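Heads up, the sequence shown is in the numbering used here, so the first residue is 628 and it goes up one at a time.
Using N, Cα and C, we set each Cβ at its ideal position, and we do this for glycine too.
In this text the structure is predicted, and so the values were computed from the model without any measurement.
Following: one structure in structure tokens, then a few remarks.
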Amino acid sequence: MSKQIRLILTLVATMVFAFVGTTWAQDSELPPPPDDLAEQLDALLETFYTGENNYGTGAVLLVQGPDWQYAKAAGVTAVDSDEPVTTDMKFQIGSNTKMMTSTIILQLHEEGLLDVDDPMSQYLPDAAARIPYGENVTIRMLLKHHSGIWDYVDGTKTPEVLQDGLFWQALAGDIEQGYTPEELVDFIVENGTPSFEPDSNNEMGDPNFQYDNSGYLLLGMIIEAVTGENVEDVFAERIFEPLGMEDTYFETGVAPEGMTPRGYYQGQDTTDFNLSMAWTAGAVISTPEDMAIFIQALLNGELYDDPATLDLMKSDPQMFAPTGGNYAMGLQDKSYGSDLWGHGGQTLAFESDVAYSVPDDIAIVAWANTAESPVAGAASSVATILNPPPDIPPPMSINDIVGMTIALQQYHATDDAANMTSIATPETYTVTFSEDGELTIQADCNQVTGTYVADGNNLSIDLGASTLAECGPDSHSGNFLSYLGSAEAMAVYLGDDSTTINVLIISSEGSLQFTATGE
């Protein structure tokens, strides 16, 4: 498609957007969210299909909570159409299919029909023999992207070798060409080399991780080998039908005309991308409502008989995986430990994000009809709107304690940090910083004056006149004054209760910890 045609189509779409707004679809009996929350979600939805280098024409966002539901669509179904997108339209869910593939594998594990630590070769001996290191790969490695098998979809992921995967070839050739799983294995063997040896570690000692569509292709082949059925039937029998997902199916070719809105990649209409290329790594077509049903059921354990199976699915995630979040078995915690579990999805025509917040009981589903949309971060963005981070107070400095008296709580010597000395009578070891750079010090039975200079966190103290009285044998006066006199730095910060002001003075001889006691 020429740049001129793309520009014309983009202008047409922009004109259409000017007349097509957003639409509510309130199939649920739940009310919409409060107005202020809805306004924030509206603004987020707008970003999914607008903006520079975004070739989409529409998007949908569904946020399903226990007490309210936000379900809204925006834009139109194609660059040359004025038909508005609606929330019940189907979309290509892409790699969100991996959650389903993993679910079925773990159901089979639960039923004793396979074990996640079985070698791939037990079920796919021919493929394992042909794929480099294939006989060393286990089902668990495939689930967790630890196999190192070359990714047939995206190809070699290095700056030196780009766009050698099947999707890139399809974009440059025929996106409607179909493939069997066996032909996709042929493509792996003939075109790529492993990213790393199976279950190996990187130089930091962490497991090697390479997001790998090939692994989920092979998992689909294992499902067929174990069940003796076509995967599209297995998906229906084990997930779609039990959950009542009436608008969801496993597509094995080019979706029928009108099944979904048109989809785009860099301005090219890629709707008729043959989903056999994605197969069990990304071939399902669904609706936001059905995907909300699925993700909520999955994370509430409804697809397994034993709660331990869901625990296994979420276990030992790859921390800070390149996919974003902590990646487990076909499922990732998008909030890095706060139980926002889900996945993302991308085909040549659609981008989507699906997640469920376990503590909040909130399902999130979003899609846009372009493979290059910020919708990929929808779940995390919604979670931030629903649970905004606490306000972080500005850094504190000595200015925050000028005029206050700080009382010594404990101290330790530089060469003996493990042995902290606590002060029984903090009110007898105090320091008051004056605005004019003067110090007033109470050191047990002695009154001491001094001056200070503070520059950021740097602090120096010059001790002045002292009453020089002899204090008791258990006095800390000597250490206290010696540490103050050799001060080098200080830190002022709020305590855990967010009200108490703590002060740490660090010297060449040791550290002193204070609490502010007031003006």
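Original post:
Which of the three DSSP states, helix, strand or coil, is assigned to S984?
Top reply: Mapped onto the sequence shown, residue 984 falls at position 357. Judged by DSSP in its simplified three-state form, S984 adopts strand.
Subject >> Close beta carbons around H1039, own chain, < 7 Å, minus the five adjacent residues each side >> reply: Working through the sequence shown from its first residue, we reach residue 1039 at position 412. Counting only Cβ-Cβ distances below 7 Å, and skipping sequence neighbours, we find N1046, M1047, T1048, G1137 and S1138.
Original post:
Is the region 1103-1120 in contact with the region 1063-1081, if contact means three or more CB pairs nearer than 8 Å?
Top reply: Verdict: yes, contact present.
Original post:
Buried or exposed: which applies to M956, given that a residue is buried once 16 or more other Cβ atoms fall within 10 Å of its Cβ?
Top reply: Locating residue 956 in the sequence shown gives position 329, where the first residue counts as 1. Answer is buried; the Cβ neighbour count reaches 16.
Subject >> Identified DSSP bridge partners for H970 >> reply: Position 343 of the sequence shown, counted from the first residue, corresponds to residue 970. Answer is V981.
Original post:
Can you list, in chain order, the residues of its chain whose CB lies under 7 Å from that of E673, leaving out five sequence neighbours each side?
Top reply: Indexing the sequence shown from 1 puts residue 673 at position 46. Non-local beta-carbon contacts of E673 in its own chain, meaning distances under 7 Å to residues more than five positions away in sequence, involve A701 in chain order.
**OP:** Can you check the region 877-948 for any beta strand (DSSP E) of at least 3 residues that lies completely inside it and give the ranges in chain order?
**Re:** Contiguous beta strand (DSSP E) elements confined to the region 877-948 occur at 911-913, taking only those with 3 or more residues.
Subject >> Contact the region 806-818 vs the region 872-881: 3+ CB pairs below 8 Å >> reply: The region 806-818 is not in contact with the region 872-881.
Original post:
Quick one: is N723 near chain D, going by C-beta distance under 9 Å?
Top reply: Included in the structure is just one protein chain, with no chain D present.
Original post:
If you follow the beta strand (DSSP E) that K771 is part of, which residue opens it and which one closes it?
Top reply: Here residue 771 corresponds to residue number 144 of the sequence shown, with the count starting at 1. Premise fails: K771 lies in the alpha helix (DSSP H), I766 to K771, not in any beta strand (DSSP E).
Subject >> Enclosing alpha helix (DSSP H) for Y1079 [first to last residue] >> reply: Taking the sequence shown and counting its residues from 1, one reaches residue 1079 at position 452. Run containing Y1079: none in the alpha helix (DSSP H); it sits in the beta strand (DSSP E), N1073 to D1082.
**OP:** Quick one: measure Cβ to Cβ for Q719 and A919, integer angstroms, because I've assumed they're closer than 8 Å.
**Re:** Taking the sequence shown and counting its residues from 1, the one referred to as residue 719 is at position 92. Taking the sequence shown and counting its residues from 1, the one referred to as residue 919 is at position 292. Not quite, the Cβ-Cβ distance comes to about 17 Å (not below 8 Å), so this is no contact.
Subject >> C-alpha distance - S629 paired with A686, whole-angstrom precision >> reply: To locate residue 629, count along the sequence shown from 1; it is residue 2. To locate residue 686, count along the sequence shown from 1; it is residue 59. With a pLDDT of 37 at S629, under the threshold of 50, the modelled position of this residue cannot be trusted; read the value that follows with caution. C-alpha separation (whole angstroms): 25 Å.
Original post:
Any chance the region 972-982 sits against the region 997-1011, with 3 or more Cβ pairs inside 8 Å?
Top reply: Yes: the two stretches touch, three or more of their Cβ pairs being nearer than 8 Å.
**OP:** Have a look at E817 and L735 and give me their C-alpha separation to the nearest angstrom.
**Re:** Start at 1 with the first residue of the sequence shown, and residue 817 comes out as number 190. Start at 1 with the first residue of the sequence shown, and residue 735 comes out as number 108. Going by the C-alpha atoms only, they are around 31 Å apart.
Original post:
Closer than 8 Å: is that where the CB of P693 sits relative to any heavy atom of the ligand NAP?
Top reply: Judged by which ligands are present, the structure shown has none, so any question about the ligand NAP falls away.
Original post:
Which residue's Cα is closest to the Cα of D813: E710, S841 and V703?
Top reply: Numbered from its first residue, the sequence shown carries residue 813 at position 186. Nearest C-alpha to D813 among E710, S841 and V703: S841.
**OP:** Measure the alpha-carbon distance for V881 versus W795 and round it to whole angstroms.
**Re:** Along the sequence shown, read from residue 1 onward, the residue named residue 881 stands at position 254. Along the sequence shown, read from residue 1 onward, the residue named residue 795 stands at position 168. Straight-line Cα distance between these residues: approximately 17 Å.
Original post:
Which whole-angstrom value describes the C-beta separation of A990 and F977, a residue pair presumed to lie in contact below a C-beta threshold of 8 Å?
Top reply: Within the sequence shown, numbered from 1, the residue matching residue 990 stands at position 363. Within the sequence shown, numbered from 1, the residue matching residue 977 stands at position 350. So it is not a contact: roughly 19 Å between Cβ atoms.
Subject >> CB-CB length for H773 against P821, believed under 8 Å >> reply: Within the sequence shown, numbered from 1, the residue matching residue 773 stands at position 146. Within the sequence shown, numbered from 1, the residue matching residue 821 stands at position 194. Contact doesn't hold; Cβ gap of about 12 Å is too wide.
Original post:
Where does E738 sit, in a helix, a strand or coil, going by DSSP?
Top reply: On the sequence shown, residue 738 is found 111 positions in, with the first residue counted as 1. Annotated three-state conformation of E738 is coil, per DSSP.
Original post:
If you draw a straight line from the C-alpha of L930 to the C-alpha of E868, how long is it?
Top reply: Reading the sequence shown from its first residue, position 303 is the one you call residue 930. Reading the sequence shown from its first residue, position 241 is the one you call residue 868. Looking at the backbone, the Cα of L930 and that of E868 are separated by about 12 Å.
Original post:
P746 to I766, Cα distance in whole Å?
Top reply: Numbered from its first residue, the sequence shown carries residue 746 at position 119. Numbered from its first residue, the sequence shown carries residue 766 at position 139. Cα-Cα distance, rounded: 6 Å.
**OP:** Just tell me which of V780, I1068 and V853 has its CA closest to the CA of T1094.
**Re:** Translated into positions along the sequence shown, residue 1094 becomes position 467. Per the Cα distances, I1068.
Subject >> Inter-residue Cα distance where the pair is T1041 and N927 >> reply: Against the sequence shown, residue 1041 aligns to sequence position 414. Against the sequence shown, residue 927 aligns to sequence position 300. In a straight line, the C-alpha of T1041 is about 52 Å away from that of N927.
**OP:** Take P759 as the anchor and find which of L740, F823, G951 and A905 has the nearest alpha-carbon.
**Re:** For the purposes of this step, residue 759 is taken as the residue at position 132 of the sequence shown. Answer by Cα proximity: F823.
Original post:
Candidates I1088, P1022, L844 and E916: which alpha carbon is nearest S1125's?
Top reply: For the purposes of this step, residue 1125 is taken as the residue at position 498 of the sequence shown. S1125 has its Cα closest to that of P1022, out of I1088, P1022, L844 and E916.
Original post:
Got a sec, what are the start and stop residues for the alpha helix (DSSP H) D662 sits in?
Top reply: Residue numbering aside, residue 662 sits at position 35 when the sequence shown is read from its first letter. Counting along the chain, the unbroken alpha helix (DSSP H) around D662 starts and ends at D662 to T674.
Original post:
What separation, rounded to the nearest whole angstrom, lies between the Cα atoms of A1143 and F1107?
Top reply: Within the sequence shown, numbered from 1, the residue matching residue 1143 stands at position 516. Within the sequence shown, numbered from 1, the residue matching residue 1107 stands at position 480. One Cα belongs to A1143, the other to F1107, and the distance between them is close to 17 Å.
Original post:
From what residue to what residue does the beta strand (DSSP E) around I815 run?
Top reply: Counted from its first residue, the sequence shown places residue 815 at position 188. Unbroken run through I815 is the alpha helix (DSSP H), P808 to N818; no beta strand (DSSP E).
Subject >> Y779 (DSSP reduced to helix, strand or coil) >> reply: Here residue 779 is taken as the residue at index 152 of the sequence shown, counted from 1. DSSP places Y779 in coil when its eight states are reduced to three.
Subject >> 6 Å Cβ shell around L1131 - same chain, five flanking residues per side excluded >> reply: On the sequence shown, position 504 is the one that residue 1131 refers to. Sequence-distant partners of L1131 (beyond 5 residues in either direction) whose C-beta falls short of 6 Å from its own C-beta, in its chain, are A1118 and Q1140.
**OP:** Identify whether T1142 lies in helix, strand or coil by the three-state DSSP scheme.
**Re:** As a first step, residue 1142 must be located in the sequence shown, where it is residue number 515. T1142 falls in the strand class under three-state DSSP.
Original post:
What is the DSSP secondary structure of S1007, reduced to helix, strand or coil?
Top reply: One-based indexing of the sequence shown puts residue 1007 at position 380. Shown here, S1007 sits in a helix according to DSSP, grouped into three states.
Original post:
Of the residues I815, T897 and N953, which one's Cα is nearest the Cα of D624?
Top reply: Nothing in the structure corresponds to residue 624, since the chain is present only between 628 and 1146.
Original post:
Considering M1117, what are the terminal residues of the beta strand (DSSP E) in which it resides?
Top reply: Taking the first residue of the sequence shown as 1, we reach residue 1117 at position 490. Taken as a continuous stretch (DSSP letters only), the beta strand (DSSP E) holding M1117 covers A1114 to L1121.
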